[in-house]
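First residue of the sequence shown: 20, per the numbering used here; consecutive thereafter. Heads up, the beta-carbon is just placed ideally off N, CA and C, and yes, glycines get one too. Here the structure is laid out as structure tokens; the discussion comes afterwards.
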Amino acid sequence: MRNIFILLPTILLLCTLGACKKNSGVEEALPVLDFRQDIPEKEVTLQDIGDVRYIRFHTSDSILLGDHMRLLPCGDKLFFYDRGGGDVLGFDKDGNSLSRFNHKGQGADEYTGIYYFAFDQEKAEVFICAPKRIQVYGMDGRYKRSLPIPDSILIDDIISLNGRFLLLSEMRNTPFIQDGELKKYAEELPDPNPYPFLLMDKETGKIEAVPVRSEGRFQNLVWTMREGKPFILVGRQQHFFPASGKYLLSQPAADTLYAISPSRELVPMFARLPLTKEKDGKIGCALMAATSRIMLVDAVFLKDEGMNQLKRQLYVYDINKKSPAVGSLVNVEFEGYNNQYPVVSDNKLYFILYPHVLLEAKENHKLSGKLLEITETLDEEDNPVLVEVELY
């Protein structure tokens with residue numbers, strides 16, 4: 020736990036040296052992912068780890084979900100947004116349209132692009148983060164207010180923590196990786212803020228630090244050379260994942276991952292051990308889901324291995340067996356389909372299946388069960404089908 024320190028007495032230190040205490044006083048070790056070990060590969064069937072259902076979205080000329088749109092599940096609602104184009108579309112879990120707006124522009128009540136997105140379920144407010152400010156809208160797209168972002172802060176992720184605060188991840192001046200070492204963009208730049216997580220008041224914009232200190236911070240960006248020219252590899256990861264009433268916090272330099280509750284209590288959740296040698300590269304880890312049975316960990320290996328993207332693996336940690344595996348996610352109703360990396364929120368996994376993919380699979384007799392039934396009613400111009408897996 021050398022990289023993370025919890026400030027006292029601001030919070031109660033619930034865990035030290037990789038062990039935490041239950042209410043009975045008995046110490047219980049944190050789940051550990053040890054990258055020094057040979058971790059086996061395992062085919063994981065979605066139907067074995069959770070309840071699977073399929074969501075169809077209302078389709079019309081004005082409500083079309085292209086592959087350029089990003090999915091953000093928020094409680095009982097599903098949002099799709101276009102970072103560059105500015106479209107925001109909201110749906111309920113039955114696929115019915117709830118909201119649609121676009122306020123891209125240069126005006127005081129507009130945004131130049133959607134860098135990050137959050138939703139407050141209690142107040143039904145949408146928060147859209149652009150470089151200089153966070154714009155706040157109602158579900159109907161009506162402008163409410165602006166929250167300025169100080170020049171000293173570069174936001175890397177946002178989420179609604181509770182009715183009062185946004186939770187922010189901050190990355191101003193955070194070094195990248197070059198030849199296995201941390202490098203600044205300019206040597207004269209100050210060191211990054213040692214507190215990567217911040218709270219912003221949703222009404223006033225006032226900012227305060229979450230009392231988690233992280234030393235040796237770096238971002239998931241590798242600067243290398245290809246054919247004598249600079250080449251950049253980026254492994255984008257979320258920093259916040261809702262799970263069982265808390266919010267999982269992930270930061271690449273951390274070797275212990277925490278959760279924060281809406282009442283701002285911090286709880287240690289997971290520990291990971293890095294590779295033994297610096298030349299093997301650093302690893303950025305994100306704890307995406309945590310139930311009483313399993314945890315899902317997204318790992319990005321920050322080393323140039325000659326590919327056009329960084330190596331990335333999904334680890335499934337069995338709580339009862341205390342053992343990890345490199346997981347390959349399989350849907351028994353879609354034979355041979357290589358599930359893409361899921362969108363994860365509130366211990367639910369989401370996979371987007373586009374009509375042309377499903378219709379081709381149907382022609383090749385690769386589908387069965389409920390997924391086949393849905394596909395038989397699809398047209399190529401329809402909106403995609405969303406697979407939701409609620410983890411046990």
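Using the C-alpha atoms, what's the distance from ILE393 back to GLY346?
Looking at the two C-alpha atoms, the distance is approximately 27 Å.
Can you tell me where the beta strand (DSSP E) with GLN125 in it begins and where it stops?
Premise fails: GLN125 is in no beta strand (DSSP E) and is neither H nor E.
Label LYS151 either buried or exposed according to how many other C-beta atoms from any shown protein chain fall within 10 Å of its C-beta, with 16 as the threshold for buried.
exposed
Return helix, strand or coil for THR275, following the three-state DSSP convention.
Three-state result, THR275: strand.
Cβ atoms of GLN328 and LEU240: under 8 Å apart, would you say?
If you check the CB distance, LEU240 and GLN328 do not come in under 8 Å.
In chain order, which continuous runs of the beta strand (DSSP E) of length 3 or greater are located wholly inside the region 283-342?
285-292, 301-309, 313-321 and 330-337
In this structure, does DSSP put GLU407 in helix, strand or coil?
strand
With distances taken Cα to Cα, identify the nearest neighbour of PHE370 among ILE313, ARG72, LYS123 and ARG55.
ARG72
If you check the beta carbons only, do LEU180 and PRO281 fall under 8 Å apart?
Pairing LEU180 with PRO281 gives a Cβ-Cβ distance under 8 Å.
Taking the C-alpha atoms as reference points, what is the distance between GLY303 and LEU52?
12 Å
Please classify PRO261: does DSSP put it in a helix, a strand, or coil?
strand
According to the neighbour-count rule (16 or more other Cβ atoms, all chains shown, within 10 Å of its Cβ), is SER342 buried or exposed?
Classification for SER342: exposed.
Keeping to the same chain, check which residues put their C-beta closer than 7 Å to that of GLY44; ignore five residues upstream and five downstream.
Residue placement at GLY44 is flagged as unreliable, the pLDDT there being 43, under the threshold of 50; a coordinate-derived value is accordingly withheld.
Answer with buried or exposed for ASN366, where buried requires no fewer than 16 other C-beta atoms within 10 angstroms of its C-beta.
buried
Could you check whether PHE250 and MET244 sit closer than 8 Å to each other, using their CB atoms as the reference points?
yes
Candidates GLU400, ARG283 and ASP101: which alpha carbon is nearest VAL376's?
Checked all of GLU400, ARG283 and ASP101; the closest Cα to VAL376 is GLU400.
Tell me the DSSP bridge mates of SER188?
ASP176 and PHE216
So THR396 is in the beta strand (DSSP E); what residue range does that whole segment cover?
Unbroken run through THR396: none, as it is neither H nor E.
Please go through the same chain and pick out, in chain order, the residues whose beta-carbon is closer than 6 Å to the beta-carbon of LEU97, but skip the five residues on each side of it.
PHE110
What runs of the alpha helix (DSSP H), each 4 residues or longer, lie entirely inside the region 57-98?
65-68
Please decide whether SER387 counts as near chain C, where near means a Cβ-Cβ distance under 8 Å.
In summary, chain C is missing from the structure at hand, where a single protein chain is found.
Which residue wins for smallest C-alpha separation from ALA344, given the options VAL363, VAL316 and TYR277?
ALA344 has its Cα closest to that of VAL316, out of VAL363, VAL316 and TYR277.
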